[in-house]
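Taken in order, the sequence shown gives residues 3 to 296; the numbers are from the numbering used here.
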Amino acid sequence: MEAFRKYIDADHSAHIEQPDLGVKVLNVGHCIHDPGSVYPDPKHPEDYFFKWEEGRVLSEYQLVYIASGTGVFETESLGLIDIQPGTLFFLYPGIWHRFRPNKQTGWTEYWVGFEGNYASHLMKQDCFSPERPLIQMGFNAEFIDIFIRLIDAMRQGGLACNQLAACFSIQMLGLVYASALLKAQSHSRKMQLINNIRYSIHENLYSNISAEDLAAKHNVSYAWFRKAFKEITGQSPGQYQLNLKIQKAAKMLKETGLSVAEIAFQNGFESEYYFSRVFKSKMSLSPSKFRNTL
Numbered sequence: 003m004e005a006f007r008k009y010i011d012a013d014h015s016a017h018i019e020q021p022d023l024g025v026k027v028l029n030v031g032h033c034i035h036d037p038g039s040v041y042p043d044p045k046h047p048e049d050y051f052f053k054w055e056e057g058r059v060l061s062e063y064q065l066v067y068i069a070s071g072t073g074v075f076e077t078e079s080l081g082l083i084d085i086q087p088g089t090l091f092f093l094y095p096g097i098w099h100r101f102r103p104n105k106q107t108g109w110t111e112y113w114v115g116f117e118g119n120y121a122s123h124l125m126k127q128d129c130f131s132p133e134r135p136l137i138q139m140g141f142n143a144e145f146i147d148i149f150i151r152l153i154d155a156m157r158q159g160g161l162a163c164n165q166l167a168a169c170f171s172i173q174m175l176g177l178v179y180a181s182a183l184l185k186a187q188s189h190s191r192k193m194q195l196i197n198n199i200r201y202s203i204h205e206n207l208y209s210n211i212s213a214e215d216l217a218a219k220h221n222v223s224y225a226w227f228r229k230a231f232k233e234i235t236g237q238s239p240g241q242y243q244l245n246l247k248i249q250k251a252a253k254m255l256k257e258t259g260l261s262v263a264e265i266a267f268q269n270g271f272e273s274e275y276y277f278s279r280v281f282k283s284k285m286s287l288s289p290s291k292f293r294n295t296l
């Protein structure tokens, strides 16, 4: 597919009578940026061109889809994020941003700029947010096909091209919306399952239940469990379990007169020496020194 870009003349389109579909396409494009090429292309209009050092603020929404290649994307609230093939990101009105491909890979991008009442309504849904502008679409044949049809409609022009562009854009936004909802539901189910497993860990803290047993108890594979648990908690199941024991031991050192050996035993450690070594690595103080600082 050949590179293409089109920016619609607002003054010209204002004189063409057409139904208001709630989404007005302002620009659309497909560009292939080879490795090492200048980015962004200096042929963009002044209102859309930006320098990396300065970034850019738009007065419209834009949907940008990276079909191949890698790069980075940044907003003030999000920071610098790596972009992989199949990533879609939204640009929001009034929100500073900048993005570019890696020089080693370049990238292939599709984009559409839009505004309108229905567009604004969609973009205010919970699954869309300036704080979470990235969506992993992957390779979605239906989405790409609609994007190509949108570009073809704009390339051919004619009296109906703006209406067709609006229809195709609504279809694309609907697909992205559905994808975001499904991912949110999937994440919610994963979160609920991991929280149930965390509850099991708390309930069985002193029984030394293994991660394999926890996975089997909740009917998931051990590999999935380890990956999902770390994704949600930031820790492996073993580290999470160990940190709970250390927190409990620290509380006992503060609130009871039990010896270090007794506390080690009650928290399931095989020896006082091993407990003291682990406690110091986590708390930066030995158990006895920790107790004396209270």
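The beta-carbon is built from N, C-alpha and C at its ideal position, and this holds for glycine as well.
Which residues DSSP lists as bridging residue i, in chain order
i: Asp84; result: Val74
i: Ser79; result: Note: Ser79 sits in no beta bridge, so no partner.
i: Phe91; result: Val66 and Leu136
i: Val27; result: Phe116
i: Arg102; result: Val74
i: Ser131; result: Arg134
i: Lys8; result: Val30
i: Arg58; result: His99
i: His35; result: Trp109
Burial state of residue i (16 or more Cβ within 10 Å)
i: Asn29; result: buried
i: Ala5; result: exposed
i: His204; result: exposed
i: Trp113; result: buried
i: His220; result: exposed
i: Phe149; result: buried
i: Tyr201; result: exposed
i: Asp13; result: Confidence is the limiting factor: at Asp13 the pLDDT is only 45, short of 50, which leaves the residue's position unreliable and the question unanswerable from this model.
i: Lys247; result: buried
i: Thr89; result: buried
i: Gln243; result: buried
i: Asn119; result: exposed
i: Ala143; result: exposed
i: Asn245; result: exposed
i: His35; result: buried
i: His32; result: buried
i: Leu175; result: buried
i: His123; result: exposed
i: Phe231; result: buried
i: Leu93; result: buried
i: Ala182; result: buried
i: Ala225; result: exposed
i: Ala252; result: buried
i: Ala121; result: buried
Beta-carbon spacing of residue i, residue j below 8 Å
i: Tyr63; j: Met139; result: no
i: Ile137; j: Val74; result: no
i: Phe141; j: Val27; result: no
i: Val25; j: Ala218; result: no
i: Phe101; j: Pro135; result: no
i: Phe170; j: Leu152; result: yes
i: Thr72; j: Ile83; result: no
i: Tyr41; j: Pro103; result: yes
CB-CB length for residue i against residue j, believed under 8 Å
i: Ser61; j: Pro95; result: 5 Å
i: Leu255; j: Arg293; result: 5 Å
i: Ile68; j: Pro37; result: In fact, because the Cβ distance is near 14 Å, the residues do not count as touching under 8 Å.
i: Ser288; j: Phe281; result: 7 Å
i: Lys192; j: Ile234; result: 7 Å
i: Met156; j: Lys8; result: 5 Å
i: Leu23; j: Ile172; result: 7 Å
Worksheet item: Does the segment 154-163 come close enough to the segment 101-112 to have 3 or more Cβ pairs within less than 8 Å?
Response: no
Worksheet item: Given 8 Å as the limit, is there contact between the segment 225-241 and the segment 262-278, that is, 3 or more CB pairs closer than that?
Response: no
Fill in: contact_flag[the segment 191-198, the segment 57-74] where n(CB pairs < 8 Å) is 3 or more
no
Practice prompt. Say whether the segment 39-50 touches the segment 77-85, bearing in mind that this needs 3 or more beta-carbon pairs closer than 8 Å, one atom from each stretch.
Written response: no
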